[in-house]
Amino acid sequence: MASLEKPAPVDQASAHPGSEAAAAAEPVSVAAAASAGQAVGEQPTPTRPAVADQAPATSEAPEAPPTSEPPVTSEAPEAPEAQGSPEAHGSPEPSKSPEPPATTTPATPASSAIPEPLPSAAALLAAGAPPAGPGGTVYPDISPSPLPAPPKDRRVLRAVARWVAAVGVFAVVGAGAAYGVIGMERTDVPGLATESDGRWVYPEISRAPVPEKGSTDGHLADVRRLVLPAPAGATEDKALRGTDGWLATKDFLAIYSEADDREEAAQILTDNGLRHIAARGWTTEDGTRTGIYLLQFDTAPTATGVCSEFTDFISPTYDTRGADLWDFDDTYSSEADIPGIERHAYDEVKPYGAEHLRQAYLCAGDVFAVIVQGRKGSAAAVPFQQTVVLQSQLLS
Numbered sequence: 092m093a094s095l096e097k098p099a100p101v102d103q104a105s106a107h108p109g110s111e112a113a114a115a116a117e118p119v120s121v122a123a124a125a126s127a128g129q130a131v132g133e134q135p136t137p138t139r140p141a142v143a144d145q146a147p148a149t150s151e152a153p154e155a156p157p158t159s160e161p162p163v164t165s166e167a168p169e170a171p172e173a174q175g176s177p178e179a180h181g182s183p184e185p186s187k188s189p190e191p192p193a194t195t196t197p198a199t200p201a202s203s204a205i206p207e208p209l210p211s212a213a214a215l216l217a218a219g220a221p222p223a224g225p226g227g228t229v230y231p232d233i234s235p236s237p238l239p240a241p242p243k244d245r246r247v248l249r250a251v252a253r254w255v256a257a258v259g260v261f262a263v264v265g266a267g268a269a270y271g272v273i274g275m276e277r278t279d280v281p282g283l284a285t286e287s288d289g290r291w292v293y294p295e296i297s298r299a300p301v302p303e304k305g306s307t308d309g310h311l312a313d314v315r316r317l318v319l320p321a322p323a324g325a326t327e328d329k330a331l332r333g334t335d336g337w338l339a340t341k342d343f344l345a346i347y348s349e350a351d352d353r354e355e356a357a358q359i360l361t362d363n364g365l366r367h368i369a370a371r372g373w374t375t376e377d378g379t380r381t382g383i384y385l386l387q388f389d390t391a392p393t394a395t396g397v398c399s400e401f402t403d404f405i406s407p408t409y410d411t412r413g414a415d416l417w418d419f420d421d422t423y424s425s426e427a428d429i430p431g432i433e434r435h436a437y438d439e440v441k442p443y444g445a446e447h448l449r450q451a452y453l454c455a456g457d458v459f460a461v462i463v464q465g466r467k468g469s470a471a472a473v474p475f476q477q478t479v480v481l482q483s484q485l486l487s
């Protein structure tokens, strides 16, 4: 490798301070030497380009430096006039010993510099750079941007809308149907309606008020207010209203067919001190006739004795008008009996007469009650039992 030649020192004592020869004799500066080193073919230290813009590395060897030639020194700039020249002060300045010329350090050849190693592929991937290709070459990231999602098929959207609309319609229809069924009466709902068993619709029944003091074995309330009212749609039998609500004894005895039976029954009532009789009768739309008679006595034992005179286990003591043969009504369930009320129910034996008759006798404290019900053809058992139970509740 060529070396830089050192310039010969110039005697500053013999040179004129302001002449150009003194300026030409100045040593070459370090910057000139550095530029001279590059001029003789020394390669500068390579710098690592940016990762994204780095060109592919080549495996070719660096070019050989050209033959060294002596550096060409450029003219040195004129030295400024020395302020302390001998002419300015009028006396010559004593001579100074010449200073040794400054030595310049040659620049380090580029071939001797060790280039920085390229970053590894793992480091580039960690930094977000694209992976390197064969031979460590790093290619720019040319991956395409993600494509936009394709639009949803409108047929699917329309199908979903149709299903949502169908579900909404079914929900509205179902809610309306449920509301309609709930609002209906049970008898009006198909499949839930119970076939009528012939029961009558009675008005709301309430017990009659009673005085604060009185006997405990008899009814303290007015007996006229203890008679069961007529059901809805029935026609009242005005003949049983009596006078001021009290029925005459002979009108009660008229239910018995035989005159001897009526006379005997009248004597029993007189002997036991009958006080009065309250009655009510009606005829329903199907032709069923009903008569209720409440006979009140002074005491409960008296009423119980009279009840035993008119009843028997198998049949009543006296035949009722329109029927000759009677039998105990075994269709009447004992579960329907009211506690404290003694009941005797009878049913006419076939063949029936002009009407089919049913009758019951109740013993309730100081009251002896007689209920007679008949209908042409056949008298239903349910309305008869319903009437007996309700009247028993009023007397209990």
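Going from the sequence shown to our numbering is simple: count from 1 and add 91. No residue lacks a Cβ here, since even glycine has one placed at the ideal position from N, Cα and C. Bear in mind the structure is a predicted one, so any value in this text is a computation, not a measurement.
Looking at C-alpha atoms only, which residue of the options is the closest neighbour of residue i?
i, options, result
"ARG434", "TRP417, GLN476 and GLY468", "GLN476"
"PRO322", "VAL458, THR375, ALA262 and PHE343", "THR375"
"THR361", "GLY396, THR334 and ALA470", "GLY396"
"TRP417", "GLN450, ALA445 and ARG315", "GLN450"
"HIS41", "SER469, VAL461, ALA460 and ILE462", "No information on residue 41 is available, as it lies outside the stretch 92 to 487 that the chain covers here."
"TRP337", "ARG353, LEU365 and THR326", "LEU365"
"THR381", "VAL318, PHE401 and ARG353", "VAL318"
"GLU439", "ASN363, THR411 and LEU311", "THR411"
"ARG315", "ASP415, ASP351, GLY333 and GLU276", "GLY333"
"GLY456", "PHE401, ILE462, PRO392 and PHE404", "PRO392"
"GLN358", "THR340, ILE346 and SER406", "THR340"
"GLY324", "TYR423, ASP377, GLY259 and SER399", "ASP377"
"CYS398", "ALA356, PRO239 and GLY372", "ALA356"
"THR402", "VAL263, GLY289, ILE462 and LEU331", "ILE462"
"ILE296", "GLU276, TRP373 and PRO320", "PRO320"
From the beta carbon of residue i, is the nearest beta carbon of chain C less than 8 Å away?
i, result
"ARG290", "Checking the listed chains, one finds no chain C in this structure; it contains a single protein chain."
Determine the extent of the alpha helix (DSSP H) in which residue i is found, giving its start and end residues.
i, result
"PHE343", "340-344"
"GLU439", "First-last for GLU439: 433-439, but that is the beta strand (DSSP E), not the alpha helix (DSSP H)."
"PRO294", "Where PRO294 is concerned, there is no enclosing alpha helix (DSSP H), given that its DSSP letter is neither H nor E."
"PRO392", "391-401"
"TYR270", "245-274"
"SER483", "472-486"
Assuming residue i contacts residue j (C-beta within less than 8 Å), just tell me the rounded distance between them.
i, j, result
"LEU453", "SER483", "6 Å"
"GLN464", "THR379", "6 Å"
"TYR384", "ALA394", "Not confirmed; about 13 Å, so no contact."
"PHE343", "ILE368", "5 Å"
"LYS467", "ALA436", "That belief does not hold up - the Cβ atoms of LYS467 and ALA436 are roughly 21 Å apart, past 8 Å."
Can you list, in chain order, the residues of its chain whose CB lies under 6 Å from that of residue i, leaving out five sequence neighbours each side?
i, result
"SER487", "ILE429, GLY431 and ILE432"
"TRP291", "PRO322 and PRO474"
"TYR293", "PRO322"
"ALA460", "LEU385 and LEU453"
So, for residue i: in the same chain, excluding its five sequence neighbours on each side, which residues have a beta-carbon less than 7 Å away from its beta-carbon?
i, result
"PRO185", "Since pLDDT at PRO185 reaches only 49, below the 50 mark, its modelled position is unreliable, and no value is offered."
"ALA427", "GLN476 and VAL480"
"ASP415", "none"
"ASP406", "The residue you asked about is not Asp; residue 406 is Ser in the sequence shown. TRP417, ASP418 and TYR437, listed in sequence order."
"THR326", "TRP373 and THR374"
Just to confirm my understanding: we take residue i, look at its own chain, exclude 5 residues before and 5 after, and list those with CB closer than 8 Å. What are they?
i, result
"GLY267", "none"
Just reading off the beta strand (DSSP E) that residue i is part of, what are its end residues?
i, result
"THR381", "380-387"
"TRP417", "417-419"
"TYR452", "447-455"
"ARG466", "458-466"
Practice problem: Entirely within the stretch 308-378 and at least 4 residues each: give me those alpha helix (DSSP H) ranges in chain order. | Solution: 340-344 and 350-362
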